[in-house]
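Asks:
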Amino acid sequence: MRWNNLSEGSPATAPALFGTDVVSRTFDTPEFRGITFHEVRARSIVNRVPGASRMPFSWTVNPYRGCSHACVYCFARKTHSYLDLDTGIGFDTQIVVKVNAPDLLRRELGARRWRGEHIAMGTNVDCYQRAEGRYRLMPGIIGALRDYANPFSILTKGTLILRDLELIRQAAAVTDVGISVSVGSVDRALWRTVEPGTPAPERRLEVVRTLREHGIPCGVLMAPVIPYLTDSPAQLRETVRAIAAAGAGSVTPLALHLRPGAREWFMSWLAHHHPGLVRRYEVLYANGAYAPTWYQRRITGQVHELAAEYGMGPVRPGAHRSPPPAEGGEGADTADADPEPDPEPEPLGTQLTLL
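Residue numbers (this note's numbering): 10 to 364.
(1) Between A209 and the rest of its own chain, which residues show a CB-CB distance below 8 Å, the 5 nearest in sequence each way excluded?
(2) The beta strand (DSSP E) spanning Q103 covers which residue range?
(3) Quick one: what does DSSP say S277 is sitting in, helix, strand or coil?
(4) Which parts of the region 116-202 are runs of the alpha helix (DSSP H), unbroken and 4 residues or longer, counting only runs that do not cross its ends?
(5) Looking at A85: is its Cβ nearer than 7 Å to the Cβ of P205?
(6) Specify, as a first and last residue, the run of the beta strand (DSSP E) that R57 falls within.
(7) Mind checking which residues open and close the beta strand (DSSP E) that includes E48?
(8) From G310, G119, N159 and Y304, pick the residue whose C-alpha is nearest to that of M130; which is it?
(9) Would G270 pass as a contact of T96 if the rule is Cβ separation under 7 Å?
(10) Restricting to Cα atoms, I'd like to know which of C76, D173 and S67 is closest to G43.
(11) Are L114 and I54 close, meaning C-beta to C-beta below 7 Å?
(12) With distance defined between alpha-carbon atoms, name the residue in I128, A254 and A280 nearest to L315.
(13) For T38, does the three-state DSSP call read helix, strand or coil?
(14) Here's the rule: buried if 16 or more other CB atoms are within 10 angstroms of the residue's CB, otherwise exposed. What is H89?
(15) Leaving out five residues on either side along the sequence, give the residues of the same chain with a beta carbon under 7 Å from the beta carbon of A140.
(16) Along the beta strand (DSSP E) that carries L315, what are the first and last residues, could you check?
(17) Around the C-beta of W303, are 16 or more other C-beta atoms found within 10 angstroms, so that it is buried, or is it exposed?
(18) According to DSSP, is H266 part of a helix, a strand, or is it coil?
(19) Among P284, E291, H266 and G256, which residue has its Cα nearest to the Cα of Q305?
(20) To the nearest angstrom, report how far apart V216 and P233 are at their CA atoms.
(21) Verify whether the separation of the beta carbon atoms of Y319 and R250 is less than 7 Å.
(22) Between which two residues does the alpha helix (DSSP H) containing T219 stretch?
(23) Quick check on H281: buried or exposed, where buried means 16 or more other Cβ atoms within 10 Å of its Cβ?
(24) Which same chain residues end up closer than 6 Å to P326 when comparing Cβ atoms and leaving out the 5 residues on each side of it in sequence?
(25) Is it right to say F161 is buried, meaning 16 or more other beta carbons lie within 10 angstroms of its own, or is it exposed?
(26) What residues match up with T261 in a beta bridge as DSSP calls it?
(27) With the cut-off set at 7 Å, would you say T207 and L230 are in Cβ contact?
(28) In this structure, how does DSSP classify I248 when only helix, strand and coil are distinguished?
(29) Is T69 helix, strand or coil when you go by DSSP?
(30) Looking at R145 and Q179, is the spacing between their C-beta atoms short of 7 Å?
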């Protein structure tokens, strides 16, 4: 592990990425049992997306690293290896908390060099994971963005975002705000094993409904669509129907992709829960992290047709600015991004806007 002496009240010696004191805490409460929080004071919080990234935004804020959502496919697992932390169970249970994020953001937004560019959140790990219930970093972050009228977007699976509804409304009154909720499937049986630390899909869709009722546009990132598990015509129809019924302003389908770190953990999960699919995945993903273009096009086309059938589409450019399909996409923090650009083709995914 690249951090030394991680114990409560003891400073770390030369932490790899932060260079300040690190305090590690565990809490013996049901919601946090088995999770260790490493509290750090980050050097910076507004991070430039690497030039090799294909994401349509240049800046991100990520108050956490590691995620108790424990999604078995999460692309960000690899980022834990940069701290010599385990990318499997360690990613789910060793959470880095940038405790000075709100104050640091306010300072960076007020710097002369800052030009008020769009900031994306939730593109690496979820800023509304369970840790946020304790550390409450997002109210300060949203408050700073509101006060500087700085445009931003949030992508989340967390229902905790509704705690900050009034702050989001205030921010939306003075700047461009985009919210997207991630719901790849409404299959509850699958959800319990593939995303065990997240709120149930129907609870996430209730977030969409609530935001819309309060005048805040909200889209759905339908991701990931998991081959052979959530991609049948009937399953796609059920998911799109539920998204439309929740009043989502857009739906963006994105097929599962398996980058290093996530691939090994997902394939281990697959071998345990669906051993008959292992060989099919080895064939489908033989050429890299992304599903073949033909598969991506098929999923996108089917979701387009279903969305139109349920009243969504066609695309209206600029009608709603929601976070891009970054779940499993190119990362966020400069420190969190892959050191080398990914040469594989960009995953397909087209936003559909509710008319």
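Using N, Cα and C, we set each Cβ at its ideal position, and we do this for glycine too.
Replies: The short version:
(1) Closer than 8 Å at Cβ, skipping near neighbours: R197 and W200.
(2) Its beta strand (DSSP E) spans residues Q103 to K107.
(3) Helix, per DSSP.
(4) Along the region 116-202, the alpha helix (DSSP H) occurs as fully enclosed runs of 4 or more residues at 140-144, 147-156 and 174-181, listed in sequence order.
(5) No.
(6) V55 to R57 is the extent of the beta strand (DSSP E) around R57.
(7) Residues T45 to V49.
(8) In this structure, N159 is the residue among G310, G119, N159 and Y304 with its C-alpha nearest to the C-alpha of M130.
(9) In this structure, T96 lies closer than 7 Å to G270 by Cβ.
(10) In this structure, C76 is the residue among C76, D173 and S67 with its C-alpha nearest to the C-alpha of G43.
(11) Note that the C-beta distance between L114 and I54 is below 7 Å.
(12) The shortest Cα separation from L315 among I128, A254 and A280 belongs to A254.
(13) Three-state DSSP puts T38 in coil, outside helix and strand.
(14) With 16 or more Cβ atoms within 10 Å of its Cβ, H89 is classed as buried.
(15) Leaving aside the five residues that flank A140 on each side, the residues in its chain whose CB is nearer than 7 Å to its CB run, in chain order, F46, Y73, S77, I104 and V106.
(16) Counting along the chain, no beta strand (DSSP E) covers L315; the unbroken alpha helix (DSSP H) around it starts and ends at T302 to E318.
(17) Label assigned to W303: exposed.
(18) In the structure shown, H266 sits in a strand (DSSP, three-state: E or B).
(19) Of the listed residues, the one whose Cα sits closest to Q305 is H266.
(20) About 19 Å.
(21) Yes, these two residues count as a Cβ contact at 7 Å.
(22) From DSSP, the alpha helix (DSSP H) with T219 extends over P210 to E222.
(23) Per the 10 Å Cβ criterion, exposed.
(24) Because P326 carries a pLDDT of 35, less than 50, the predicted location of this residue cannot be relied on, and no value is offered for it.
(25) It is buried - the Cβ of F161 has at least 16 other Cβ atoms within 10 Å.
(26) T261 is bridged by DSSP to L230.
(27) Against a cut-off of 7 Å, the Cβ pair of L230 and T207 comes out as no contact.
(28) One point to set straight first is that residue 248 is Thr, not Ile, in the sequence displayed. T248 falls in the helix class under three-state DSSP.
(29) DSSP places T69 in the strand class (E or B) of the three-state scheme.
(30) No, they are not a contact pair.
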